[in-house]
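A.B. asks: Sequence lines, in order, name chains A and B. If you read the first sequence in the numbering used here, its first letter stands for residue 1, the second for the next number, and so on. If you read the second sequence in the numbering used here, its first letter stands for residue 213, the second for the next number, and so on.
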Amino acid sequence: MSSVAAFESPASVRQALQARISSMQSTRLDEDAFPLLPMLRAVLGRGLRRGTVYSISGSTSLALALVAAASQSGEWCGVLDVPDLGLEAAAGWGIDLDRLVWVADPGDRWMSTVGSMADVLGLVIVRAPARIASAEASRLLARLRQTRSTMLVLGEWPQSESQIRVVSSTWTGLGDGYGHLADRHLELEVRQGQSPGPPRRSRLRVPSEMIS
Amino acid sequence: MTSTNARVLVVWLPDWPIIAARRRLELSAEQPLALIHKGVVFACSSDARASGVQRGLAVREAQLRCPELLVVAYDPQVDARAFEPVVASLEDLVPGVRILRPGLCAIRARGPARFYGGEERAASTIHQALARADIAARLGIADSVFGAERAALQTSGDSPIAIVAVGTTRQFLAPAPISTLDDSTLVPVLRRLGLHSLGDFAALDRVAVGARFGEAGLRAHDRASATDRLSGAEHTPEIDFGAGATFEPALDRVDQIAFGVRTASESMIDRLAKSGLVCTALRITVTSESGERRERSWSHPHHFSAADVVDRVRWQLQGSGGVTAGPTSPVERVELSPARVDTSANHESGLWGTSLDERVHHALARLHSILGHGSVSTPSLGGGRFLNERQVLVAWGDETPPAKRTLPWPGSIPPPAPATVFSEPRPADVRGPNGEPIDVDGRGTATAPPAWLALGRSPAMKVSSWAGPWPVTQRWWDADARRSAHRFQMIDSEGMAWLMILEDHEWAAEARYD
Numbered sequence: 001m002s003s004v005a006a007f008e009s010p011a012s013v014r015q016a017l018q019a020r021i022s023s024m025q026s027t028r029l030d031e032d033a034f035p036l037l038p039m040l041r042a043v044l045g046r047g048l049r050r051g052t053v054y055s056i057s058g059s060t061s062l063a064l065a066l067v068a069a070a071s072q073s074g075e076w077c078g079v080l081d082v083p084d085l086g087l088e089a090a091a092g093w094g095i096d097l098d099r100l101v102w103v104a105d106p107g108d109r110w111m112s113t114v115g116s117m118a119d120v121l122g123l124v125i126v127r128a129p130a131r132i133a134s135a136e137a138s139r140l141l142a143r144l145r146q147t148r149s150t151m152l153v154l155g156e157w158p159q160s161e162s163q164i165r166v167v168s169s170t171w172t173g174l175g176d177g178y179g180h181l182a183d184r185h186l187e188l189e190v191r192q193g194q195s196p197g198p199p200r201r202s203r204l205r206v207p208s209e210m211i212s
Numbered sequence: 213m214t215s216t217n218a219r220v221l222v223v224w225l226p227d228w229p230i231i232a233a234r235r236r237l238e239l240s241a242e243q244p245l246a247l248i249h250k251g252v253v254f255a256c257s258s259d260a261r262a263s264g265v266q267r268g269l270a271v272r273e274a275q276l277r278c279p280e281l282l283v284v285a286y287d288p289q290v291d292a293r294a295f296e297p298v299v300a301s302l303e304d305l306v307p308g309v310r311i312l313r314p315g316l317c318a319i320r321a322r323g324p325a326r327f328y329g330g331e332e333r334a335a336s337t338i339h340q341a342l343a344r345a346d347i348a349a350r351l352g353i354a355d356s357v358f359g360a361e362r363a364a365l366q367t368s369g370d371s372p373i374a375i376v377a378v379g380t381t382r383q384f385l386a387p388a389p390i391s392t393l394d395d396s397t398l399v400p401v402l403r404r405l406g407l408h409s410l411g412d413f414a415a416l417d418r419v420a421v422g423a424r425f426g427e428a429g430l431r432a433h434d435r436a437s438a439t440d441r442l443s444g445a446e447h448t449p450e451i452d453f454g455a456g457a458t459f460e461p462a463l464d465r466v467d468q469i470a471f472g473v474r475t476a477s478e479s480m481i482d483r484l485a486k487s488g489l490v491c492t493a494l495r496i497t498v499t500s501e502s503g504e505r506r507e508r509s510w511s512h513p514h515h516f517s518a519a520d521v522v523d524r525v526r527w528q529l530q531g532s533g534g535v536t537a538g539p540t541s542p543v544e545r546v547e548l549s550p551a552r553v554d555t556s557a558n559h560e561s562g563l564w565g566t567s568l569d570e571r572v573h574h575a576l577a578r579l580h581s582i583l584g585h586g587s588v589s590t591p592s593l594g595g596g597r598f599l600n601e602r603q604v605l606v607a608w609g610d611e612t613p614p615a616k617r618t619l620p621w622p623g624s625i626p627p628p629a630p631a632t633v634f635s636e637p638r639p640a641d642v643r644g645p646n647g648e649p650i651d652v653d654g655r656g657t658a659t660a661p662p663a664w665l666a667l668g669r670s671p672a673m674k675v676s677s678w679a680g681p682w683p684v685t686q687r688w689w690d691a692d693a694r695r696s697a698h699r700f701q702m703i704d705s706e707g708m709a710w711l712m713i714l715e716d717h718e719w720a721a722e723a724r725y726d
């Protein structure tokens with residue numbers, strides 16, 4: 001830190017400090033993360049960080065896959081405002097339905113509901129609300145950081161730790177009037193934190209027997 | 213055998229099922245009544261009997277013989293429950309009542325005989341006391357239970373007490389026909405062997421009877437030879453664990469009522485715990501000022517704590533309206549009664565806790581109170597041919613229904629399972645290459661290959677690959693629940709896979725593989 005000299009511009013000092021904070025946070029990743037399925041480690045490293053928000057666009061399966069390993073290891077999970085979530089797919093990924101809490105319609109109490117779910121549940125899958133104020137989002141993030149739970153948002157979220165976007169999805173097994181859906185290949189775009197630069201791209205193969 | 217130790221007093225209430233049914237349905241005594249069990253007459257009133265109705269008669273036949281007959285299904289529970297107060301009034305006079313069946317109970321005669329100064333006096337005291345309570349009883353005293361029962365059955369309304377002298381019960385029973393043993397497998401065999409009276413049967417060697425007819429034969433032989441003894445547990449009065457709270461003046465705010473119920477629920481759970489019991493199902497009755505009664509049963513995946521009971525009262529009052537909802541009119545009384553109890557030994561939590569995480573439970577119960585009952589649920593997989601039927605949501609804190617998932621469900625789709633299952637299938641439009649509508653003909657083939665797919669009002673997308681139709685048919689025998697549909701899997705130009713369904717010539721999206 002000695003390199004941060006007093007006569008440098010405040011902006012560069014702030015940037016250096018920010019970089020240092022994020023590097024310190026990332027060293028805690030190993031012991032402070034939810035486990036991930038082996039096939040997802042290539043995409044997100046070794047775990048799902050606690051107390052943050054991940055935003056996932058373009059795939060519900062991916063959200064289920066991210067939760068699966070933590071649920072298998074005994075973590076309580078929740079689903080808020082995703083009434084059309086496929087339970088068979090969830091069970092197929094290995095999510096323990098006995099430890100899954102389902103709130104289909106929070107009405108106009110979205111914020112307080114997600115708060116009280118995050119208080120006790122380790123991982124919560126939510127649909128992005130139509131509108132969320134930036135101040136509310138940071139309040140929620142502070143609460144998540146305190147309770148060390150992670151929120152997976154289906155859709156866009158203003159202050160997410162990671163954004164995972166499906167760039168393309170291709171299927172095998174289905175022909176022109178014959179066959180049935182089998183394996184799926186996903187091309188993902190992952191942006192970790194607020195870091196600048198182009199997002200990382202990775203490929204993921206989802207075998208059909210995974211979700212039986 | 214001839215000692216007075218074995219003397220038994222039997223109290224018999226003639227036509228008890230009829231009396232119980234009349235009380236329950238509040239019928240007049242003039243109405244001929246028959247109770248039906250498994251399609252035949254189980255019991256009938258005396259005036260019905262006078263018109264030729266008898267036990268074991270088919271319902272049609274009974275109605276033919278007595279056209280004004282009222283036919284009611286027999287409910288043994290009602291019988292037993294109605295008998296409780298009778299037993300209670302009997303227990304005021306003599307201890308140690310054993311219920312043989314509703315309407316018939318036995319007591320050791322020795323104690324009452326000493327206390328009241330003789331068997332006759334004891335019997336008449338009991339008879340008079342019951343008569344004061346408006347119960348017409350008949351009493352019999354003999355050396356054995358069966359003998360006393362037979363003696364009681366032979367009494368009439370004018371002389372309701374029959375006493376068989378000490379040591380003469382066997383002779384008393386001897387002339388009775390063998391059918392009085394009331395054993396439908398044994399009696400015909402004995403008859404064919406030429407044994408027509410109880411005396412004939414009793415004369416047989418007991419060991420030989422045991423060798424030939426086994427346990428059932430020995431029991432019948434004991435009865436015929438007046439050596440059967442009073443056994444089984446004495447009746448123990450049932451403890452009423454119910455509790456209630458009365459509000460004066462009536463309350464209309466949910467939190468006030470919930471607070472008022474707290475003491476009652478604690479006392480109920482406490483008393484259950486003292487008897488070594490826990491409550492697994494609960495019935496809550498709410499009576500409002502306008503006289504409206506609302507009853508609801510609640511079950512619990514584990515067992516109710518006092519706080520759980522208060523939560524259920526709160527949920528019942530709120531309905532599904534959430535925290536701002538309340539009762540429609542002020543509540544006067546809330547009654548709690550355990551509908552199902554279990555011994556607490558079956559519900560002890562392990563040393564390191566086998567019950568679900570307490571913290572999660574509390575937080576979710578609170579959330580449930582805020583959002584209204586049914587808003588928080590635990591999902592489970594059910595059975596069914598259509599995907600949305602296979603998603604079962606059980607309200608948090610209710611009992612999970614047994615899974616029907618293991619049954620074979622023909623027509624299920626191969627894996628992978630779709631990640632989005634529309635609870636209501638979304639209307640869609642599927643067209644052929646030239647924009648023509650697509651249907652499935654009688655041979656189960658599509659009239660044109662699907663080429664364009666449009667969901668709701670969104671613009672049509674090209675279908676890049678597809679498969680189908682796969683027929684799904686269910687309940688073809690039931691006109692109301694019958695469904696017949698065809699499924700297709702399709703991939704649109706953006707790489708999204710859909711499970712489409714064609715039912716009644718209408719297209720819809722059942723699920724999305726996203």
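Using N, Cα and C, we set each Cβ at its ideal position, and we do this for glycine too.
Going straight from the alpha carbon of residue 245 of chain B to that of residue 363 of chain B, what length do you get?
C.D. replies: Indexing the second sequence from 1 puts residue 245 of chain B at position 33. Indexing the second sequence from 1 puts residue 363 of chain B at position 151. So the two alpha carbons sit approximately 27 Å from each other.
A.B. asks: List in chain order: all unbroken alpha helix (DSSP H) runs of 4+ residues lying wholly within the segment 47-126 of chain A.
C.D. replies: 60-72, 87-93 and 110-120
A.B. asks: Just mark residue 361 of chain B as buried or exposed, buried being the case when its beta carbon has 16 or more other beta carbons within 10 Å.
C.D. replies: Numbered from its first residue, the second sequence carries residue 361 of chain B at position 149. That one is buried.
A.B. asks: Mind checking if residue 171 of chain A is an interface residue toward chain B, Cβ cutoff 8 Å exclusive?
C.D. replies: If you number the first sequence from 1, residue 171 of chain A lands on position 171. Yes, residue 171 of chain A counts as interfacial toward chain B.
A.B. asks: Taking only beta-carbon atoms, is residue 686 of chain B less than 8 Å away from chain A?
C.D. replies: Mapped onto the second sequence, residue 686 of chain B falls at position 474. No, because no Cβ of chain A sits closer than 8 Å to the Cβ of residue 686 of chain B.
A.B. asks: On the DSSP bridge list, what partners appear for residue 458 of chain B?
C.D. replies: Looking up residue 458 of chain B in the second sequence gives position 246. In the DSSP output, where bridge partners are listed per residue, residue 458 of chain B has B/545.
A.B. asks: So with CB distances below 7 Å, who are the chain A contacts of residue 725 of chain B?
C.D. replies: Counting from 1 along the second sequence, the entry for residue 725 of chain B is found at position 513. Residues of chain A passing the Cβ test: 181.
A.B. asks: Run through chain A and tell me which residues come within less than 8 Å of residue 590 of chain B, C-beta to C-beta.
C.D. replies: Against the second sequence, residue 590 of chain B aligns to sequence position 378. By Cβ distance, chain A contributes 97, 98, 100, 101 and 102.
A.B. asks: Are any of the Cβ atoms in chain B nearer than 8 Å to that of residue 149 of chain A?
C.D. replies: The residue given as residue 149 of chain A occupies position 149 in the first sequence. No, no contact with chain B.
A.B. asks: Run through chain B and tell me which residues come within less than 7 Å of residue 229 of chain A, C-beta to C-beta.
C.D. replies: Nothing about residue 229 of chain A can be read from this structure; chain A reaches only from 1 to 212.
A.B. asks: Counting pairs of Cβ atoms below 8 Å between the segment 95-114 of chain A and the segment 197-205 of chain A, do you hit three or more?
C.D. replies: Flag = no, the segment 95-114 of chain A and the segment 197-205 of chain A do not touch.
A.B. asks: Hey, quick one: how far does the alpha helix (DSSP H) through residue 328 of chain B stretch, first residue to last?
C.D. replies: Here residue 328 of chain B corresponds to residue number 116 of the second sequence, with the count starting at 1. Taken as a continuous stretch (DSSP letters only), the alpha helix (DSSP H) holding residue 328 of chain B covers 322-328.
A.B. asks: Closest to residue 634 of chain B by C-alpha separation, out of B/276, B/290, B/599 and B/666, would be which residue?
C.D. replies: In the second sequence, counting from the first residue as 1, residue 634 of chain B sits at position 422. For the residues B/276, B/290, B/599 and B/666, the minimum Cα distance to residue 634 of chain B belongs to B/599.
A.B. asks: Consider the Cβ of residue 54 of chain A: report whether some Cβ of chain B lies at a distance smaller than 8 Å.
C.D. replies: Numbered from its first residue, the first sequence carries residue 54 of chain A at position 54. Judged by the 8 Å Cβ criterion, residue 54 of chain A is not in contact with chain B.
A.B. asks: What residues in its chain sit with their C-beta under 6 Å from that of residue 685 of chain B, if we drop five residues either side in the sequence?
C.D. replies: The residue you call residue 685 of chain B lines up with position 473 of the second sequence. Within the same chain, and ignoring the five residues on either side of residue 685 of chain B in sequence, the residues whose Cβ sits closer than 6 Å to its Cβ are 696.
A.B. asks: Mind listing, in chain order, the continuous alpha helix (DSSP H) runs of no fewer than 4 residues lying wholly within the segment 248-285 of chain B?
C.D. replies: With a minimum length of 4 residues, the continuous alpha helix (DSSP H) runs that stay inside the segment 248-285 of chain B are 258-262 and 271-277.
A.B. asks: Going along chain B, which residues have a C-beta under 7 Å from residue 106 of chain A?
C.D. replies: Taking the first residue of the first sequence as position 1, residue 106 of chain A is located at position 106. Residues of chain B passing the Cβ test: 583.
A.B. asks: Considering only the beta carbon of each residue, do residue 351 of chain B and residue 553 of chain B sit closer than 8 Å?
C.D. replies: If you number the second sequence from 1, residue 351 of chain B lands on position 139. If you number the second sequence from 1, residue 553 of chain B lands on position 341. No, Cβ-Cβ distance for residue 351 of chain B and residue 553 of chain B is not below 8 Å.
A.B. asks: Take every Cβ of the segment 451-462 of chain B, pair it with every Cβ of the segment 541-548 of chain B, and state whether three or more of those distances are shorter than 8 Å.
C.D. replies: Three or more beta-carbon pairs drawn from the segment 451-462 of chain B and the segment 541-548 of chain B are found closer than 8 Å, and the two stretches are therefore classed as touching.
A.B. asks: Quick one: is residue 813 of chain B near chain A, going by C-beta distance under 8 Å?
C.D. replies: Residue coverage of chain B in this structure runs from 213 to 726, which leaves residue 813 of chain B outside it and unanswerable.
A.B. asks: Output the distance between the C-alpha atoms of residue 60 of chain A and residue 632 of chain B, rounded to the nearest integer angstrom.
C.D. replies: Numbered from its first residue, the first sequence carries residue 60 of chain A at position 60. Numbered from its first residue, the second sequence carries residue 632 of chain B at position 420. Each residue's alpha carbon lies about 7 Å from the other.
A.B. asks: On a CA-only basis, which of A/192, A/174, A/198 and A/189 is nearest residue 628 of chain B? Give me that one, please.
C.D. replies: As a position in the second sequence, residue 628 of chain B is number 416, starting the count at 1. Residue 628 of chain B has its Cα closest to that of A/174, out of A/192, A/174, A/198 and A/189.
A.B. asks: Does the count of Cβ pairs from the segment 165-172 of chain A and the segment 698-714 of chain B closer than 8 Å reach three?
C.D. replies: yes
A.B. asks: Can you tell me which residues form a DSSP beta bridge with residue 702 of chain B?
C.D. replies: Numbered from its first residue, the second sequence carries residue 702 of chain B at position 490. Looking at the DSSP assignment, residue 702 of chain B forms a beta bridge with B/678 and B/710.
A.B. asks: Figure out for me which residue from B/247, B/289, B/303 and B/331 has the closest Cα to the Cα of residue 219 of chain B.
C.D. replies: On the second sequence, position 7 is the one that residue 219 of chain B refers to. The option with the nearest alpha carbon to residue 219 of chain B is B/331.
A.B. asks: Taking the continuous beta strand (DSSP E) assigned at residue 353 of chain B, which residues delimit it?
C.D. replies: Looking up residue 353 of chain B in the second sequence gives position 141. 350-354 is the span of the beta strand (DSSP E), which, as asked, contains residue 353 of chain B.
A.B. asks: Taking C-beta pairs closer than 7 Å, name the residues in chain B that residue 47 of chain A reaches, listed in chain order.
C.D. replies: Reading the first sequence from its first residue, position 47 is the one you call residue 47 of chain A. The contacting residues do not exist; residue 47 of chain A stays about 22 Å from chain B at best.
A.B. asks: Grab me the residues of residue 101 of chain A's own chain with a C-beta within less than 8 Å of its C-beta, minus the 5 sequence neighbours each way, in chain order.
C.D. replies: One-based indexing of the first sequence puts residue 101 of chain A at position 101. Contacts found: 76, 77, 78, 79, 117 and 121.
A.B. asks: I want to see whether chain A comes within less than 8 Å of residue 468 of chain B, judged by CB atoms only; does it?
C.D. replies: Residue mapping note: residue 468 of chain B aligns to position 256 of the second sequence, counting from 1. By this cut-off, residue 468 of chain B is not an interface position.
A.B. asks: Report all residues from its chain with a CB closer than 6 Å to the CB of residue 254 of chain B; omit the five preceding and five following residues, and keep chain order.
C.D. replies: Along the second sequence, read from residue 1 onward, the residue named residue 254 of chain B stands at position 42. Cβ within range, chain order: 247 and 286.
A.B. asks: Taking the beta carbon of residue 487 of chain B as the centre, do at least 16 other beta carbons fall within 10 Å, making it buried, or is it exposed?
C.D. replies: In the second sequence, the residue the question calls residue 487 of chain B occupies position 275. It is exposed - the Cβ of residue 487 of chain B has fewer than 16 other Cβ atoms within 10 Å.
A.B. asks: Anything in chain A within Cβ reach of residue 683 of chain B, meaning under 9 Å, just list it in chain order.
C.D. replies: On the second sequence, residue 683 of chain B is found 471 positions in, with the first residue counted as 1. At a beta-carbon threshold of 9 Å, none of the residues of chain A lie near residue 683 of chain B; the nearest stands roughly 15 Å away.
A.B. asks: Is residue 713 of chain B close to chain A? Criterion is C-beta to C-beta, closer than 8 Å.
C.D. replies: Within the second sequence, residue 713 of chain B is the residue found at index 501, counting from 1. No - not a single Cβ of chain A is within 8 Å of the one on residue 713 of chain B.
A.B. asks: Spell out a yes or no on whether the segment 370-389 of chain B and the segment 335-351 of chain B are touching, meaning 3 or more CB-CB pairs, one atom from each, closer than 8 Å.
C.D. replies: yes
A.B. asks: I need the DSSP call for residue 298 of chain B, collapsed to helix, strand or coil.
C.D. replies: Within the second sequence, residue 298 of chain B is the residue found at index 86, counting from 1. Secondary structure of residue 298 of chain B (DSSP, three-state): helix.
A.B. asks: Is the shortest distance between the beta-carbon of residue 479 of chain B and the beta-carbons of chain A less than 8 Å?
C.D. replies: As a first step, residue 479 of chain B is located in the second sequence; it is residue number 267 there, counting from the start. By this cut-off, residue 479 of chain B is not an interface position.
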